[in-house]
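In this note's numbering, the protein residues as written are 7 to 477.
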Ligand code: AMP
Ligand code: ZN
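Listed below in structure tokens is the structure:
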């Protein structure tokens, strides 16, 4: 599989350190609020990556953290802790907030067919590991104590900006904007490994440490949780593009300083879901959730298809019109699949040809939009229905759009409607009502309508004649 690697700024053949297992790490949610559908775009695309790797023959061990401490309102270590903000907003404890929004996150994942990673680790579980890493960084002169906090010293690195698709000044914007300068820092890009002093003294969760009672910085959790479960050599690290700087840049700085060697070979970044006013984000106040889409009558599968229709390295613009188009596409797709019949043996050659196209799309930097086209090619292919159904079932291991399940549901609904439409007794009453209307015996027509209504049957007069349905 060829993947774009943010570290080398080019597409590369993906080769894990060991042929037996791909070690994959994903930055998990900060559980202070519901995930918005932008966050979930990132999780959908990472899910597709994991499934595509498995589908093309790899074993994958995937680890994800749950950020329940240390992520401050600005990614650059300033502002109030996001969890504390959530707790104040809802008058709950930080742990209650963490539990509630962790559950809500996995419920959203379930609705969107996003597989739960093999290991999910809350940040608050690993305090000892952070202390150990911070201590070693201090012992080796890579970190320093200042104003009660421990900082990573970026001047000890040969190169700090590793994802420099942008120039250094562009990247530094993330540090400068809306952020008060922390005068404890020796260098502008230094970042906190362990806090004991912060402006927000009411921080709810604190732990004892060699540097005083405090709490970890956000970046250190991902380094330690990854190493705890995946060891010193990571194959692929994923996250949204906003995580590239400063979060992932800092993860690399501290991990490689700690290990003394390269840590992760491939960096996979999903670009943003934008609205017409820019990136969808929680700090702007208004954001869309899966539950809100459902309340408005949208099937989460239509949102998954919407995401798959575009490449993960392009920004995706959300609008209701775009989502409505995805709904129309999904419904039509399912109707076409529902019309297929199991009509004999699978034509293996035809199946392999269809599969090749799909695999090539995935292998070409996870091009899901081409993979979706390969799925439509199945429907157009000159082969029997059984082969088409086999190919769709196979592709759906990666796409996870409930293709066959939704088609089966539709078939059942259609069969039920057809069965309902052929109840001879009801048909006779409907015919009698039509006759009564023709004879201008409206009292009788109304009486029959009322009788049918009492039996739970609704009559619909259409230009093609009178139809009925159970209500
Ligand atoms: P958070 O819960 O804020 O830590 O973010 C969870 C994930 O969503 C991270 O990987 C972010 O990079 C990603 N993310 C945040 N905003 C967006 C967005 N508008 N579109 C896509 N991904 C996003
Ligand atoms: Zn992370």
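The beta-carbon is built from N, C-alpha and C at its ideal position, and this holds for glycine as well.
Shown here for residue 417: same chain residues with a beta carbon closer than 6 Å to its own, the five before and five after excluded, namely 344 in chain order. Secondary structure note for residue 281: its beta strand (DSSP E) is the uninterrupted segment 279-281.
Residue state for residue 61 is assigned as helix, using DSSP reduced to three classes. The alpha-carbon of residue 257 is positioned some 30 Å away from that of residue 404. In this structure, residue 245 has its CB closer than 7 Å to one or more heavy atoms of the ligand ZN. Taken through DSSP and simplified to helix, strand or coil, residue 263 comes out as helix. When DSSP assignments are scanned along the segment 184-247, the uninterrupted stretches of beta strand (DSSP E) that are 3 or more residues long and fall wholly within it turn out to be 197-201, 240-246. Not one heavy atom of the ligand AMP falls within 7 Å of the beta-carbon of residue 313. By a beta-carbon distance limit of 8 Å, residue 451 contacts residue 443. Their separation comes to about 5 Å.
Burial is judged here by how many other beta carbons sit within 10 angstroms of a residue's own beta carbon; residue 29 has at least 16 and is buried. Pairing residue 42 with residue 107 gives a Cβ-Cβ distance that is not under 8 Å. Any heavy atom of the ligand ZN within less than 5 Å of a residue's beta carbon puts that residue on the list, which reads 33, 228. With the rule of 3 Cβ pairs closer than 8 Å, the segment 115-127 counts as touching the segment 66-73. Per DSSP, the continuous alpha helix (DSSP H) segment holding residue 140 begins and ends at 133-145. Burial check for residue 216: the Cβ neighbour count within 10 Å stays below 16, so the residue is exposed. Taking C-beta separations shorter than 7 Å and ignoring five residues to either side along the sequence, the partners of residue 120 in its chain run 49, 50, 53, following chain order.
DSSP places residue 317 in the coil class of the three-state scheme, outside both helix and strand. Annotated three-state conformation of residue 411 is helix, per DSSP. In this structure residue 298 is exposed. Its beta-carbon is surrounded by fewer than 16 other beta-carbon atoms within 10 angstroms.
Looking at 396, 419, 349, the one whose alpha-carbon comes closest to that of residue 410 is 396. Per DSSP, residue 402 is one residue of the alpha helix (DSSP H) stretching across 391-405. With a threshold of 7 Å, the Cβ atom of residue 287 counts as near the ligand AMP, since some heavy atom of the ligand is closer than that. In this structure, the ligand AMP has no non-hydrogen atom nearer than 7 Å to the beta-carbon of residue 317.
In this structure, the ligand AMP has a non-hydrogen atom nearer than 7 Å to the beta-carbon of residue 276.
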